[in-house]
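S.K.: Chains as they are written, first to last, in full-length UniProt numbering: chain W, 1 to 332; chain F, 1 to 332.
Protein chains: 2
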Amino acid sequence: MDQSTTSKPHERLATVLAGEMEAVNRLIRDRMASEHAPRIPEVTAHLVEAGGKRLRPMLTLAAARLCGYDGDHHIRLAATVEFIHTATLLHDDVVDESAQRRGRPTANLLWDNKSSVLVGDYLFARSFQLMVETGSLRVLDILANASATIAEGEVLQMTAATDLRTDEEVYLKVVRGKTAALFSAATQVGGVIAGAPERQVQALYDYGDALGIAFQIVDDLLDYQGDSRATGKNVGDDFRERKLTLPVIKAVARATEEERSFWQRTIEKGRQEEGDLDHALGLMKKYGTLEATRDDANTWADRARAALKALPDGDLRDMLHDLAAYVVARLN
Amino acid sequence: MDQSTTSKPHERLATVLAGEMEAVNRLIRDRMASEHAPRIPEVTAHLVEAGGKRLRPMLTLAAARLCGYDGDHHIRLAATVEFIHTATLLHDDVVDESAQRRGRPTANLLWDNKSSVLVGDYLFARSFQLMVETGSLRVLDILANASATIAEGEVLQMTAATDLRTDEEVYLKVVRGKTAALFSAATQVGGVIAGAPERQVQALYDYGDALGIAFQIVDDLLDYQGDSRATGKNVGDDFRERKLTLPVIKAVARATEEERSFWQRTIEKGRQEEGDLDHALGLMKKYGTLEATRDDANTWADRARAALKALPDGDLRDMLHDLAAYVVARLN
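1. Determine which residues of the segment 171-205 of chain W have a Cβ less than 7 angstroms from any Cβ of chain F, and write them out in chain order.
2. Under a three-way DSSP split, which group does THR245/W fall into?
3. Residues in the same chain with beta-carbon distance under 6 angstroms from THR15/F, minus the five sequence neighbours each way, listed in chain order, please.
4. Grouping DSSP H, G and I as helix and E and B as strand, with all else coil, what is THR162/F?
5. For chain W, find out if any of its Cβ atoms is closer than 8 angstroms to the Cβ of GLN3/F; answer yes or no.
6. Taking only the alpha-carbon atoms, compute the straight-line gap between GLN188/W and LEU13/W and give it to the nearest angstrom.
7. Does the beta carbon of TYR122/F come closer than 8 angstroms to any beta carbon on chain W?
8. Is the beta carbon of LEU59/W sitting closer than 8 angstroms to the one on ALA180/W?
9. Taking the C-alpha atoms as reference points, what is the distance between MET1/W and VAL201/W?
10. Would you mind giving the Cβ-Cβ distance between THR86/F and THR44/F, rounded to the nearest angstrom? I have them listed as a contact below 8 angstroms.
11. Using CA atoms only, rank isn't needed, just tell me which of ALA23/F, ARG26/F and ALA62/F is closest to LEU320/F.
12. Note down, in chain order, every chain W residue with its Cβ under 8 angstroms from the Cβ of ASN145/F.
13. Report yes or no: do three or more beta-carbon pairs, one from the segment 148-161 of chain F and one from the segment 148-160 of chain W, lie closer than 8 angstroms?
14. Considering only C-alpha positions, which residue in the set PHE215/F, TYR326/F and GLY190/F is nearest to ALA64/F?
15. Give the single residue among HIS73/F, LEU27/F and TYR326/F whose Cα lies nearest to the Cα of ALA194/F.
16. In three-state DSSP terms, what is TYR69/F?
17. What distance in whole Å lies between the Cβ atoms of LEU221/W and LEU331/W, which are believed to be in contact at a cut-off of 8 angstroms?
18. Helix or strand or just coil, what does DSSP make of ASP167/F?
19. Got a sec: is the Cβ-Cβ distance from VAL94/W to anything in chain A below 8 angstroms?
20. Flag ALA148/F as yes if its beta-carbon sits less than 8 angstroms from any beta-carbon of chain W, otherwise no.
21. Tell me which residue opens and which closes the alpha helix (DSSP H) that ILE213/F is part of.
22. Could you please tell me which residues of the segment 15-40 of chain W, in chain order, have their CB closer than 8 angstroms to any CB of chain F?
23. Judging by CA-CA distance, which residue of ALA144/W, TYR122/W, GLY68/W and ASP96/W is the nearest neighbour of ILE28/W?
24. Measuring only between beta-carbons, confirm whether HIS91/F sits less than 8 angstroms from chain W.
25. Suppose contacts are defined by Cβ-Cβ distances below 8 angstroms. Is ASP209/W in contact with SER184/W by that definition?
26. Rounded to the nearest angstrom, what separates ILE267/W and ASP163/W at their Cα positions?
27. If the cut is a Cβ gap below 8 angstroms, which residues of chain F does LEU290/W touch?
Here's what the structure looks like:
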């Protein structure tokens, strides 16, 4: 087998885009510096250096290159996207009162909620400055709309999460806000900055949107059936935090009266007892909702791959294609 | 006496700009609506309808009109500025753990910290969409830079507030972030959208900057010598919250060794006892720092008035002139 089939697609992307990602990382370090407030680089370095997969900036770089871009604004946009992502994580941790992120203590635990809120705001402002530097109003429009979708989705999640009336349509809105809006903006702005034809820009949006949705559905599924050593999360965290995600929403939709009372007590009222998580998992098994959720994730991954057909073929397109498969392959 | 000398300058501005302010308020209500997340208009209405003086959006409208603007983008920019201000207040209340704002319970008390963080983010995103609609990259650049200054100032305040090494230079940076950056952006974008010559745009920036600094110095002074019925705050809140502001910074700069220990214990270590506030006030009196702070506020108000000379004369300029005087007249 050659290297292209053995290594993970995001690792192959990282190899191909290594030079540009280095420029992105330099720009990130440069712009998170603050002459007057050393707390800012402290907090962001903690998170940025912890090193997620840097998937979002790589999507922007890959999209721009795929559309033949040879300028350097895609570096700024990749850093923009990573800043927005990091800012969102900082605010999420305050909202969720999380203690761990990427296997390390969260900033709100190491410093305080104040630092997380304000440094998050600072990163948003920095990302805003970076995108203005590209001089593209279309890019600004896309990122402004993505920001609004993200924020609205977060608020919606807060109020909808413990409400048993939350159906799959509302779940999809939450998921777009939580994950897909930034994925689709990341790919779309890559095409826009490259001056790609509208059909390709739309395809990049569709790819990012579907990839993001598949990614989040898989995340929510792994919460119930993942290996905690691999995911860095404990099985059933969402249940304990009373977050309605797809596997439970599907089970609630088919619940008997007695089962409904169980969901009301544990999710709506949050009165959980020993053994409740096992009972919840039993109900998901009874209705096959984990399998049904996996089917949904596969459908979105298929849509992501289908969208790529409108884009120029080549290595980068192949990697994006494989990435969509890999996102759901995490389930195996 | 005619009406122009008896009523307050911001009330005269409100009268002259009434039609446009109504359009701004309509736009604000329209854009804070959220189809999916009713929590958003609930939280923002609580704050927006509480009705501050709407000084910032009036500054934008006045600046645009003063420079002869007759389009409608200044309405969008005025709403933008108010959204940014409101978002900042929501995040501030989380950071300060405040219980009251504008004489009403804060959103974080009525709802929770989550709502304040996320709805604040939503308002930032909405403000961003509004400014993109003006299609002016210069406006976007100004507001991106103001956002960064605001966020950096907030972080700086958090770390500098309880640090006795904080001097007047650092204080000024905090004040610019906290207040003056949005004032100067508010006036400057009014001139930019009107296509005013660079000299006038600079004058509008200088006016907003100096007005904002005067405004904040007065606020900090009123904390120590204000009438709590008029200010809605208790005397000495900043002392109790261990916030180093100008009257104390000036007293610390001249402190004897014993007095320095007092400031270290009360501000740096936060170990406050009964009678400490009175002792602190005594030290401010001893060195005349309240008077010196008032002199500083007057100097900035003078600078604001001087900047106006570069702008077309007429009623609006007179009102802005009087506004600078009024801001410090709150002290009497």
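Glycine included, each C-beta is placed from N, C-alpha and C at the ideal position.
M.R.: In short:
1. For the segment 171-205 of chain W, the beta-carbon criterion of a distance under 7 angstroms to any beta-carbon of chain F is satisfied by LYS173.
2. Reduced to three states, the DSSP call for THR245/W is coil.
3. Result list for THR15/F: empty, nothing under 6 angstroms.
4. Looking at THR162/F - three-state DSSP - the assignment turns out to be coil, as it is neither helix nor strand.
5. Confidence at GLN3/F is low in this model, with a pLDDT of 47, below 50, so the placement of that residue is unreliable and no value is reported for it.
6. So the alpha carbons of these two residues sit roughly 18 angstroms apart.
7. Interface with chain W (8 angstroms Cβ-Cβ cutoff): TYR122/F is included.
8. No, Cβ-Cβ distance for LEU59/W and ALA180/W is not below 8 angstroms.
9. Because MET1/W carries a pLDDT of 39, less than 50, the predicted location of this residue cannot be relied on, and no value is offered for it.
10. About 7 angstroms separates the two Cβ atoms, so the contact holds.
11. With distances taken between Cα atoms, LEU320/F lies closest to ALA62/F.
12. Those within 8 angstroms of ASN145/F in chain W are GLN129.
13. Taking a contact to require three or more Cβ pairs closer than 8 angstroms, the segment 148-161 of chain F and the segment 148-160 of chain W do not qualify as touching.
14. Of all alpha-carbon atoms in PHE215/F, TYR326/F and GLY190/F, the one lying nearest the alpha-carbon of ALA64/F is that of GLY190/F.
15. It is HIS73/F.
16. Residue state for TYR69/F is assigned as coil, using DSSP reduced to three classes.
17. Indeed they touch by this definition, with Cβ atoms about 7 angstroms apart.
18. Secondary structure of ASP167/F (DSSP, three-state): coil.
19. The displayed structure is made up of protein chains W and F, and chain A is not among them.
20. Taking Cβ atoms only, chain W reaches closer than 8 angstroms to ALA148/F, which makes this a yes.
21. Note, ILE213/F: alpha helix (DSSP H), 198-225.
22. Shown in chain order are the members of the segment 15-40 of chain W whose Cβ falls below 8 angstroms from a Cβ of chain F: SER34, HIS36, ALA37, PRO38, ARG39 and ILE40.
23. The shortest Cα separation from ILE28/W among ALA144/W, TYR122/W, GLY68/W and ASP96/W belongs to TYR122/W.
24. Any Cβ of chain W closer than 8 angstroms to the Cβ of HIS91/F would place that residue at the interface, and such an atom is present.
25. Result yes, Cβ atoms of ASP209/W and SER184/W sit closer than 8 angstroms.
26. When only Cα atoms are considered, ILE267/W and ASP163/W end up about 8 angstroms apart.
27. Per Cβ cutoff of 8 angstroms: no residues; LEU290/W is ~27 angstroms from chain F at best.
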